[in-house]
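Residue numbers (this note's numbering), protein chains in the order written: chain A, 2 to 183; chain B, 2 to 183.
Built from N, CA and C at the ideal position, the CB exists for glycine as well.
The block underneath contains the structure these notes are about, expressed in structure tokens.
Protein chains: 2
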Amino acid sequence: MSTFDNIIDAAMAIVRDQGVAKLTLDAAAKAAGISKGGVLYHFKSKDDLIRGMVQRLIDQCDQLNHDYYQRESEGPYRWARTMVHACFDPTGPANDPVGGALLAAITVNPVLMAPIHAMYARWQERLAGDSPDMERAGLVCSAMDGLFFQRLMGIRLGDSAASERLMRHALDLLTPKEGASS
Amino acid sequence: MSTFDNIIDAAMAIVRDQGVAKLTLDAAAKAAGISKGGVLYHFKSKDDLIRGMVQRLIDQCDQLNHDYYQRESEGPYRWARTMVHACFDPTGPANDPVGGALLAAITVNPVLMAPIHAMYARWQERLAGDSPDMERAGLVCSAMDGLFFQRLMGIRLGDSAASERLMRHALDLLTPKEGASS
DNA sequence: TTCACTATACCGTCCAGCCGGTACACAAAC
DNA sequence: GTTTGTGTACCGGCTGGACGGTATAGTGAA
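Rendered as structure tokens:
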């Protein structure tokens, strides 16, 4: 793997394992097996490193959404259903240390959140495009957000079986039934 | 207002307006109109200050939940409905800078999140006590979490009218209809 | 006078960013 | 084919500033 990506991975791992406060250039360098100078060669500042982490998170989300969208059956709420599946993907951001990018960004410099805002705007558009009921889609996706952030904050509610049931319930809400409104 | 609470308010405001990184003892003191020595008189360390912020958040949540619970009609999902109303309360944590306590805690010292975890455990119990369908309640409450965290991260989706519709939809899902299961 | 509270000065530590230097690969010049 | 030059990747020490925490002195009310 490239040193560039290696550094980002190391930084993510630090945030997950030791907390945002421990993310220093020195620590990231050591975790990546190089020196601080090496880190600063690839990222010209700490902000820049965090920008890279955020971009990684976004890329991963886009990739995951794209993959699941292809697999998802056509019809209403296709994007919303995609989001649900992506949220429960065991290799997705919800379960990976990439989420730490958010904490790092909001902590060190809230301006670095801008790409995230843009990402949400894109999602919003997609949802609006194929959701018969935008409130329904928004609620379910917000719930996915909730689950994601809970994990990010170290809050664990229920086991994997409960997660499975929750996912089914979410998908159920996105499957229009004839003769039943809610 | 007591100096104690004044300092906490000032700290919250800093986190909201300038980001967690700017929350220093000096800054909190200045914002509260006293000196650093004064802050350290009331809180024996920065961790202690953040503990105070977290406690404030929890107290506010408990208070809000209690109030809305009284007003909420009896029946299934009473606690879940309470959570929805509390989430959209304009003076509640979702719209107040108190949420910054979470960011400060997770950033400076993840151990400080312990009271939050306990709070979630309490909520979980309450929900389980009066929710006919725990998945339904969990999903709706997770959505409230999602909205809360989105605001915390500076993500604004939709205006107040959209919020209103979202709230109604959430409450709708918690109002059992005869002859319709989901 | 005592106590609750606040101000000021200071110390030790940590960290971001800078910079001079090294190693190596490749290439053009002679 | 040796020398000289150029660019990339990385190293590690240094420094200036910021921050948490301590010590101590001061102040006003009871």
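Candidates the options, of which the one nearest residue i by Cα
i: Val21 of chain A; options: A:Gly100, A:Val40 and A:Leu41; result: A:Gly100
i: Lys23 of chain B; options: A:Ala11, A:Val109 and A:Trp124; result: A:Val109
i: Arg52 of chain B; options: B:Ile8, B:Asp160, B:Leu148 and B:Arg166; result: B:Ile8
i: Leu50 of chain B; options: B:Ala163, B:Asp10 and B:Cys62; result: B:Asp10
i: Arg157 of chain B; options: A:Lys37, A:Tyr121 and A:Asp134; result: A:Tyr121
i: His43 of chain A; options: A:Val16, A:Ile59 and A:Leu26; result: A:Leu26
i: Asp60 of chain B; options: B:Arg169, B:Pro116, B:Phe149 and B:Trp80; result: B:Pro116
i: Trp80 of chain B; options: B:Arg152, B:Asp18, B:Gln125 and B:Asp6; result: B:Gln125
Beta-carbon contacts of residue i that lie in its chain and below 7 Å, excluding the five residues immediately before and after
i: Leu172 of chain B; result: Arg82 and Val85
i: Val112 of chain A; result: none
i: Ala14 of chain A; result: Ala32 and Pro98
i: Ser74 of chain A; result: none
i: Ala12 of chain B; result: Leu24, Ala29, Leu50 and Met54
i: Lys47 of chain B; result: Leu26 and Val109
i: Met168 of chain A; result: Val85 and Phe89
i: Arg72 of chain A; result: none
C-alpha distance - residue i paired with residue j, whole-angstrom precision
i: Asp68 of chain A; j: Met54 of chain A; result: 21 Å
i: Pro94 of chain A; j: Lys45 of chain A; result: 26 Å
i: Thr4 of chain A; j: Ala28 of chain A; result: 15 Å
i: Glu165 of chain B; j: Asp90 of chain B; result: 11 Å
i: Ala138 of chain B; j: Arg127 of chain B; result: 11 Å
i: Gly155 of chain B; j: Val141 of chain B; result: 21 Å
i: His118 of chain B; j: Pro177 of chain B; result: 30 Å
i: Met135 of chain B; j: Leu174 of chain A; result: 14 Å
i: Met2 of chain A; j: Ile107 of chain B; result: 30 Å
i: Ala105 of chain B; j: Asp160 of chain A; result: 28 Å
i: Val16 of chain A; j: Tyr70 of chain A; result: 30 Å
i: Gly76 of chain A; j: Leu41 of chain A; result: 48 Å
i: Tyr78 of chain A; j: Pro133 of chain A; result: 7 Å
i: Cys62 of chain B; j: Phe149 of chain B; result: 12 Å
i: Asn38 of chain A; j: Arg57 of chain A; result: Reading the sequence as shown, one finds Gly at residue 38 of chain A and not Asn. Going from the Cα of Gly38 of chain A to the Cα of Arg57 of chain A covers about 22 Å.
i: Arg35 of chain B; j: Asp6 of chain B; result: In the sequence under discussion, the amino acid at residue 35 of chain B is Ile, which differs from the Arg named in the question. Looking at the two C-alpha atoms, the distance is approximately 13 Å.
i: Thr92 of chain A; j: Met114 of chain A; result: 23 Å
i: Ala162 of chain A; j: Leu153 of chain A; result: 20 Å
i: Asp186 of chain A; j: Asn96 of chain A; result: A query on residue 186 of chain A cannot be resolved here, the shown segment of chain A reaching from 2 to 183 and no further.
i: Arg123 of chain B; j: His170 of chain B; result: 25 Å
CB-CB length for residue i against residue j, believed under 8 Å
i: Ala87 of chain B; j: Leu65 of chain B; result: 5 Å
i: Glu144 of chain B; j: Gly147 of chain A; result: In the sequence on display, residue 144 of chain B carries Ala and not Glu. Correct: roughly 6 Å between the Cβ atoms.
Close-in-space but distant-in-sequence residues of the same chain around residue i (CB under 8 Å, 5 per side omitted)
i: Ala181 of chain A; result: Caution is warranted here: a pLDDT of 46 is assigned to Ala181 of chain A, below 50, making its placement in the model unreliable, and the coordinate value is therefore given only provisionally. Closer than 8 Å at Cβ, skipping near neighbours: no residue.
i: Gln151 of chain A; result: Arg157 and Leu158
Close-in-space but distant-in-sequence residues of the same chain around residue i (CB under 6 Å, 5 per side omitted)
i: Ser183 of chain B; result: In this prediction, Ser183 of chain B has a pLDDT of 43, which is less than 50 and means its spatial position is unreliable; what the coordinates show is noted afterwards. None.
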